[in-house]
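As structure tokens, the structure follows; a few thoughts come after it.
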Amino acid sequence: MDNASNCDALAWLLPNYLPDFRGMQSQGHCFPHIINLIAKIFISFFFKQVKQKKSVTVAAGTHCQHGATATAPSDTEFEEEVLVIEEGEDINFNSDDSDNDNAAVEESEITESTTLDDNGKDAHNDLVVKSLADKAIKIMWDEYSIVMKPEEQQYALQIFPRMAGLSHHVHDSTTLKEKFDEMVENNPLLSGGQHTLTRRVPTRRNSDCACLESHLHFKKVVKELTSVPSNGLKAFELSPKQWAMAADVLNVLQLFNDFTNLFSQSEVPLIVDAVPMLETLENSLIAVRDDDLNTGCSTVIRVAAQASLLLICKYSIFTTDCELYHIAIVQEIQAIKSTVVKCWKEKYKKYQVNESPDQAQTSEPAKKVYSSISILFLSYN
């Protein structure tokens, strides 16, 4: 099922009509949608939206509780109510930085006009993103003493609107398109099959990543095109710091891109593959948040990574409700056993000179590992 609250309501109420359906124990969650939401909350730190109001009909009450102690909701919890959602920021057109605001406004309007609100799904996603983003900002300050620098926030909010706006202008203007094509043709350092800037399409997954990647690929051409006053593209020009930040953002977006592509193939991953994917993504985002490589990663990127981690935690909890997740993983118990033994041999067991690898498997720590695996296996048979 999708991850919206109305699907939880369906899982709660369906056993009343289909007794064989076991409610939350039989409810699986849509992993592609989870990955998309995780990417969306990360991307949200790089977009400034014009303040707007929208009315949307949603289920009354808060999200249903999960787990063995949860009780069935009352009928009134699923009555419809209308919420007026106000989002975004006021744009000051009289500021000295009007070019920056105009680029942000233009891209916001394009996003709004091309995004279809599917019975409140987009509004629901936006609310999830905003609440967790605020929580991530607080966590990074309370636990890591990291706060987003105003200068970096300003740089971050300009990157995608400028890149997306430039691609729209180049594609929509015959004159600019001809100039761009000529610059690409005259640049001997450009390689590969890409010949034009990728448009940002808000409704298409991984579109932000593709748009960013193409701009970095044509970095020299883009800088030359936006630096010419007669082209009228000053509002879409990036500073050196923004180019550096864009490269770091792309590295993170490619993590989401890789997982999304797996679900776009004819043979989609099984549950046993999907759960470890979340763990792999979680570990990668932890490394970004903690700046493990000491690259001087922007505070905005680190806070955005923390927001994504909160969403991973939110949806990882849901896997405890449905037995299918555990059954699918236990079916791979032999593979897990082999991995544990291999890891033990390579990293934990310090061989003595006269001790063979086979003897290591009979040591007390190894026996505990085998015992735990056997108990786990028997409990699901």
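The sequence shown begins at 8 in my numbering and counts up by one. Backbone N, C-alpha and C fix where the C-beta goes; we use that ideal spot for every residue, glycine too. Everything numeric in this text was worked out from a predicted model, so none of it was measured.
Beta-carbon within less than 7 Å of residue i's beta-carbon, same chain only, minus the 5 sequence neighbours each way: which residues are those?
i    : result
L285 : I319, S323
N126 : Here N126 scores only 47 on pLDDT, less than 50, and its place in the model is too uncertain to base an answer on.
L139 : I48, A314, L317, L318
I146 : Q313
E231 : M190
Q249 : Y162, Q165, I166
S221 : Q201, L204, T205
C350 : none
D280 : none
With a threshold of 8 Å on Cβ separation, who are the neighbours of residue i within its own chain once the five nearest residues in sequence on each side are excluded?
i    : result
C304 : D255, V295, D298
M252 : E159, Y162, A163, I166, S305, V307, I308
L300 : A294
F266 : I42, M284, L288
W148 : V154
F270 : F38, P39, I42, P276
D188 : H202, T203
P26  : none
D103 : In this prediction, D103 scores a pLDDT of 42, lower than 50, which makes its location untrustworthy; the coordinate-derived value is nonetheless stated afterwards. Here the set comprises nothing.
Q272 : none
L196 : K227
Within the same chain, show all residues whose beta-carbon is closer than 6 Å to that of residue i, passing over the 5 residues directly before and after it, in chain order.
i    : result
T306 : I153, M155, K156, E159
E244 : T233
N264 : N213, C216
L292 : A312, S315, L316
L123 : Because L123 carries a pLDDT of 44, less than 50, the predicted location of this residue cannot be relied on, and no value is offered for it.
N20  : According to the sequence provided, residue 20 is Leu. The question's Asn does not apply to it. Cβ neighbours of L20 beyond the five flanking positions: none.
S198 : none
So residue i packs on residue j, CB below 8 Å; how close in whole Å?
i    : j    : result
N38  : A311 : Checking the sequence shown, residue 38 turns out to be Phe, not Asn. About 21 Å separates the two Cβ atoms, so there is no contact after all.
N194 : K227 : 6 Å
S246 : R207 : 20 Å between Cβ atoms; not a contact.
A143 : L317 : 6 Å
L223 : L257 : 6 Å
L260 : H176 : Rounded, the Cβ-Cβ distance is 23 Å, inconsistent with contact.
List the endpoints of the continuous alpha helix (DSSP H) containing residue i.
i    : result
M170 : 157-179
I401 : Limits of the chain in this structure are 8 at one end and 388 at the other, which puts residue 401 out of reach.
H224 : 214-224
F49  : 38-50
For the ligand HEM, is there any heavy atom lying closer than 8 Å to the beta carbon of residue i?
i    : result
L316 : By its list of ligands, the structure shown contains no ligand whatsoever, and the ligand HEM lies outside what it can speak to.
Check your understanding: Within the chosen definition, does the region 147-156 reach the region 230-243 through at least 3 CB pairs nearer than 8 Å?
Key -> Judged by Cβ distances under 8 Å, the region 147-156 makes no contact with the region 230-243, as fewer than three pairs qualify.
Review point. Which whole runs of the beta strand (DSSP E) in the region 254-305 are 3 residues long or more, in chain order?
Key: With a minimum length of 3 residues, no continuous beta strand (DSSP E) run stays inside the region 254-305.
Practice item. Count the CB pairs spanning the region 157-169 and the region 189-202 that are closer than 8 Å, and state whether there are at least three. Key: Too few Cβ pairs lie closer than 8 Å, so no.
Review point. Is the region 214-222 touching the region 179-190 in the sense that three or more CB pairs, one from each, lie closer than 8 Å?
Key: Not touching, per the Cβ criterion.
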